[in-house]
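Going by the numbering used here, the sequence shown opens with residue 62, and the numbers climb by one from there. Backbone N, C-alpha and C fix where the C-beta goes; we use that ideal spot for every residue, glycine too. Shown next, in structure tokens, is the structure this report addresses.
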Amino acid sequence: MQTNFEFRQIRDFGLVISHSFDFIKLEYKRLGKALLLYVLPFLVVTGILQFFVQISFVNNFTKTIPHTSDPFAVFKNGSFFISYLLQALNYTVMSSVIFLFIKLHQEKNGDFEIEQLWPALLKTSVKLLIALFITSAISIAAMIFLLVPCIYLATVLSLVGPIIVIEEASLGTAMSRSFTLIKENWWKTFGVIIIGCLILYIFTIVLSIPLIIVTAFKTFSAISNKTSPELFSSGYFVANTVISVFQTLGYSLMVILISIQYFSLVELKERPSLQDKVDQLASDNA
Numbered sequence: 062m063q064t065n066f067e068f069r070q071i072r073d074f075g076l077v078i079s080h081s082f083d084f085i086k087l088e089y090k091r092l093g094k095a096l097l098l099y100v101l102p103f104l105v106v107t108g109i110l111q112f113f114v115q116i117s118f119v120n121n122f123t124k125t126i127p128h129t130s131d132p133f134a135v136f137k138n139g140s141f142f143i144s145y146l147l148q149a150l151n152y153t154v155m156s157s158v159i160f161l162f163i164k165l166h167q168e169k170n171g172d173f174e175i176e177q178l179w180p181a182l183l184k185t186s187v188k189l190l191i192a193l194f195i196t197s198a199i200s201i202a203a204m205i206f207l208l209v210p211c212i213y214l215a216t217v218l219s220l221v222g223p224i225i226v227i228e229e230a231s232l233g234t235a236m237s238r239s240f241t242l243i244k245e246n247w248w249k250t251f252g253v254i255i256i257g258c259l260i261l262y263i264f265t266i267v268l269s270i271p272l273i274i275v276t277a278f279k280t281f282s283a284i285s286n287k288t289s290p291e292l293f294s295s296g297y298f299v300a301n302t303v304i305s306v307f308q309t310l311g312y313s314l315m316v317i318l319i320s321i322q323y324f325s326l327v328e329l330k331e332r333p334s335l336q337d338k339v340d341q342l343a344s345d346n347a
């Protein structure tokens with residue numbers, strides 16, 4: 062049975078997508094175990110916190126919005142920022158686990174144990190969280206001017222995560238290197254991200270179908286009975302929290318897509334695997 066995945070390979074757009082699924086097919090057991098061991102407990106804790114944050118947010122929202130004309134009032138709600146912070150923490154921990162998993166897989170030729178992820182997990186998560194806030198701030202600042210600069214910068218900075226983890230680079234170096242790698246390959250990288258977002262969107266819609274059906278049923282029942290529908294019940298918040306947990310796990314595909322694209326661009330620009338083969342031949346002939 063194949064246990065090693067060849068990351069260092071030039072791939073066209075289609076191969077980046079298909080090879081990402083090939084990697085998942087090859088490593089779904091170990092990767093799933095790693096996510097269950099390191100990510101799920103964290104998601105459960107933040108999910109519980111998210112449950113109470115959502116209740117607070119909706120209560121404040123229903124009290125504030127009807128009495129204000131400020132279109133940004135929702136963003137001034139403290140619960141909104143707490144919710145964003147929890148989501149950022151979830152995404153960061155999950156990304157750290159997957160990037161470290163890929164790094165070990167590539168360095169050890171697939172021969173490693175998931176317990177080896179633990180020593181570097183905290184340090185990596187902190188570095189990626191800082192990177193996430195800074196790159197998000199840059200993209201949001203660009204959006205103030207126009208949507209196009211925001212999309213451009215978000216795509217250009219998409220490789221910062223794998224560069225920080227796999228190359229152990231600083232944030233500044235990772236940002237500069239991400240610009241260099243994506244130069245002349247922006248559209249291809251953007252396409253990979255769009256495909257990942259579409260798959261994630263469909264995944265989220267499928268997860269949300271039961272909640273949508275229940276909410277619609279409650280609404281129609283309330284209309285027929287001429288009563289006010291109780292849309293935001295405790296059950297709604299519990300279901301929404303569970304969906305958020307699975308949605309975060311669904312982001313793992315996006316992280317893998319970005320990682321495969323990173324290796325493809327490195328190979329295209331620098332040919333490290335070719336250089337390794339040349340060095341090996343020189344060593345054998347010495």
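>> Please state the DSSP three-state secondary structure of G311.
In response: helix
> Quick one, which of E245, Y89 and Y99 has its alpha-carbon nearest W179's?
Replying inline: Of the candidates E245, Y89 and Y99, the one whose C-alpha sits nearest the C-alpha of W179 is Y99.
> Can you tell which of E67, Q70, S79 and F68 has the C-alpha that lies nearest to the C-alpha of V253?
Replying inline: S79
> Given that a residue counts as buried once 16 or more other Cβ atoms are within 10 Å of its Cβ, and exposed if not, what is F281?
Replying inline: exposed
>> Ignoring anything shorter than 4 residues, give me the alpha helix (DSSP H) runs that lie fully in the region 142-229, in order along the chain.
In response: 179-206, 208-217 and 221-227
>> Taking 8 Å as the threshold (C-beta atoms), are T185 and L147 in contact?
In response: no
> How should V187 be labelled, buried or exposed, when 16 other C-beta atoms within 10 angstroms of its C-beta is the threshold for buried?
Replying inline: It is exposed - the Cβ of V187 has fewer than 16 other Cβ atoms within 10 Å.
> Once you ignore the five residues that flank A230 on each side, which residues in its own chain have a CB closer than 7 Å to its CB?
Replying inline: I224 and R238
> Between which two residues does the alpha helix (DSSP H) carrying R69 extend?
Replying inline: No alpha helix (DSSP H) holds R69; DSSP gives it neither H nor E.
> What number of angstroms, rounded off, separates the C-alpha of R69 from the C-alpha of F112?
Replying inline: 42 Å
> Among F74, N301 and T250, which residue has its Cα nearest to the Cα of I109?
Replying inline: N301
> In or out: K164 buried (at least 16 other Cβ within 10 Å) or exposed?
Replying inline: buried
> I243 and L272 look like a contact to me (Cβ under 8 Å); what is the Cβ gap, rounded to whole Å?
Replying inline: Rounded, the Cβ-Cβ distance is 37 Å, inconsistent with contact.
>> Three Cβ pairs or more, each shorter than 8 Å: is that satisfied between the region 212-228 and the region 190-197?
In response: yes
>> So for R332, helix, strand or coil by DSSP?
In response: coil
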